[in-house]
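Here the sequence shown stands for residues 1 to 89, where the numbers follow our numbering.
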Amino acid sequence: MPIYDFRCETCGDFEEWRSMSESSNPMVCPSCDRFAKRIYSTAGLIQTPRSLSRRIEQSAEPKLVQRSQEPKPQKHHNNNCGRPWMVGH
Numbered sequence: 001m002p003i004y005d006f007r008c009e010t011c012g013d014f015e016e017w018r019s020m021s022e023s024s025n026p027m028v029c030p031s032c033d034r035f036a037k038r039i040y041s042t043a044g045l046i047q048t049p050r051s052l053s054r055r056i057e058q059s060a061e062p063k064l065v066q067r068s069q070e071p072k073p074q075k076h077h078n079n080n081c082g083r084p085w086m087v088g089h
C-alpha cells in the first residue's frame with residue numbers, strides 16, 4: 001500500500017497508508033476530524049551514493065584510448081636487390 005500525503009486546513013500536512021482503491025475517497029484528519037485534501041508529491045526514490053552515481057555517469061562517456069608508441073619499422077633499401085635496371089634508386 002502506498003503512502004498518500006494530505007493537508008488539513010487547521011492541522012497541516014500528514015501522511016496516511018491507503019490502498020490504491022481508496023486513494024480517491026475523501027480523507028478525514030486524524031487530529032480534528034475535518035476533511036483533508038490530497039497533496040500530490042514526487043515519488044520517493046532511494047538516493048544513490050555519490051561515488052556510485054559518479055561511476056555510472058563516467059561509464060557512459062567514451063574513454064580516451066591512446067595507441068602504444070611502437071617503433072616504426074625502418075625501410076631499408078637493399079643495394080643488392082637483384083634488379084640491375086634500378087641502379088641508383
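Each residue gets a CB set at the ideal place from its N, CA and C atoms; glycine is no exception.
Q) Any contact of the segment 25-41 with the segment 62-71, i.e. 3+ C-beta pairs under 8 angstroms? A) no
(Q) Considering only the alpha carbon of each residue, which of Tyr4, Thr10 and Glu57 lies closest to Met27? (A) Tyr4
Q. When you compare only the Cα positions, how much space is there between Pro30 and Arg55?
A. 45 angstroms
Q) Can you pull the DSSP bridge partners for Trp85? A) BP columns for Trp85 are empty, so no partner.
Q. Which stretch, first to last residue, makes up the alpha helix (DSSP H) that contains Glu57?
A. Arg50 to Ala60
Q) DSSP beta-bridge partners for Arg38? A) Phe6
Q. Is there a Cβ from chain D that is less than 8 angstroms from the Cβ of Tyr4?
A. Looking at the structure shown, chain D is missing, and only one protein chain is on hand.
Q) Hey, how far is the Cα of Lys63 from the Cα of Glu57? A) 12 angstroms
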